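Take the sequence shown: its letters are residues 1 to 238, numbered as in full-length UniProt numbering.
For reference, the structure is listed below as structure tokens.
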Amino acid sequence: MEVECTPMPSSSSGVDSTTSKLRQLRAELNFLPRTDGSCALEQGNTVMWASVNGPGDVASSKRLDEKLYIEVVYRHGQSNLCSVEENRILSSIIQQTVDTVQYPHKMLAVTVQEMQSDGSEMAAGVTSACLALLDSGIIMNGIFCGVCVAHCGDTLILDPCRKIAVNADSLFTFVFKSFAIDHKDRTTRMVECQTRGAFEYATFEAAMRLARDASAEIFLFLREAMQRKLSIDSWMIT
């Protein structure tokens, strides 16, 4: 199943419209065999693969009596090197979002692999992980996505390519979570952030506002992807 999203202008004020657009998003779900959930996400020329296995059996040394044990691996390119910082961010947001108490004595393995790098890799990796989890059908209390913003001179650039990211004065990767409060209205909160370079706090706030506006478009993309998947699954059953 594939779904794609054409970028739309951001509503953020004070930012050049040519710098406040997401690159085109395209996702394919359930494409990897022998996984419980998977996603291939294209964000511009950046391509990320995410897979989910579990909840399933776990070794006694890792077993938790009261909740699910989650193991996350983020790999850079073809080197297969794991990143401590990316693993920490992914582990944190997955722990916050998956209903871990529903799966005691079980293990969930999440793997994110950079297949093609052209900027915003961590942000795309976070989004691909959420789609893979949704594809697996595991119980979650919300959805999440990643958004990258580069600061170059006096300009904030949303979803920068690698060339822009490398030369940026500072770089921000935000993780936003969308969830319902008391099963009513949905809200969006920034729950994780990775920064690089020197910046003023006002710049950080402006980047976060720009990223928050963009997250609404990504969350819509996630919902459309799942609606399409469910409609296809229902058609196949009937």
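The beta-carbon is built from N, C-alpha and C at its ideal position, and this holds for glycine as well.
Computed from a predicted structure; not experimentally measured.
Can you tell me which residues form a DSSP beta bridge with L41? Within the sequence shown, residue 41 is the residue found at index 41, counting from 1. Its beta-bridge partners are A27 and M48.
Span separating the alpha-carbon of I94 from that of V191: Locating residue 94 in the sequence shown gives position 94, counting from the first residue. Locating residue 191 in the sequence shown gives position 191, counting from the first residue. Approximately 11 angstroms, taken between the alpha carbons.
Start and end residues, alpha helix (DSSP H) containing M122: On the sequence shown, position 122 is the one that residue 122 refers to. Looking at the DSSP string, the run of the alpha helix (DSSP H) that includes M122 is E121 to S136.
Quick check: what's the CA-CA separation for N53 versus R212? Locating residue 53 in the sequence shown gives position 53, counting from the first residue. Locating residue 212 in the sequence shown gives position 212, counting from the first residue. So the two alpha carbons sit approximately 30 angstroms from each other.
According to the neighbour-count rule (16 or more other Cβ atoms, all chains shown, within 10 Å of its Cβ), is residue 242 buried or exposed? Past the edges of the chain, shown from 1 to 238, lies residue 242, and the structure says nothing about it.
Just the Cα atoms here: how many angstroms apart are residue 240 and R228? Residue 240 lies beyond the stretch modelled for the chain, which goes from 1 to 238, so this question has no answer here.
From S136 to K62, what distance separates their C-alpha atoms? Working through the sequence shown from its first residue, we reach residue 136 at position 136. Working through the sequence shown from its first residue, we reach residue 62 at position 62. C-alpha separation (whole angstroms): 22 angstroms.
Report yes if the CB atom of F219 is closer than 7 angstroms to the CB atom of K177, and no otherwise. As a position in the sequence shown, residue 219 is number 219, starting the count at 1. As a position in the sequence shown, residue 177 is number 177, starting the count at 1. No, the pair does not count as a contact, with Cβ atoms beyond the cut-off.
Three-pair Cβ contact test at 8 angstroms for the stretch 111-130 versus the stretch 63-76: yes
What three-state label does DSSP hand I181 in the structure shown? Taking the first residue of the sequence shown as position 1, residue 181 is located at position 181. Coil.
As assigned by DSSP and simplified to three states, the class of E2: Numbered from 1 along the sequence shown, position 2 holds the residue referred to as residue 2. Low local confidence applies: a pLDDT of 45 at E2 is under 50, so the model's placement there is unreliable, with the coordinate-based value given in what follows. The answer is strand: DSSP assigns E2 an E or B state.
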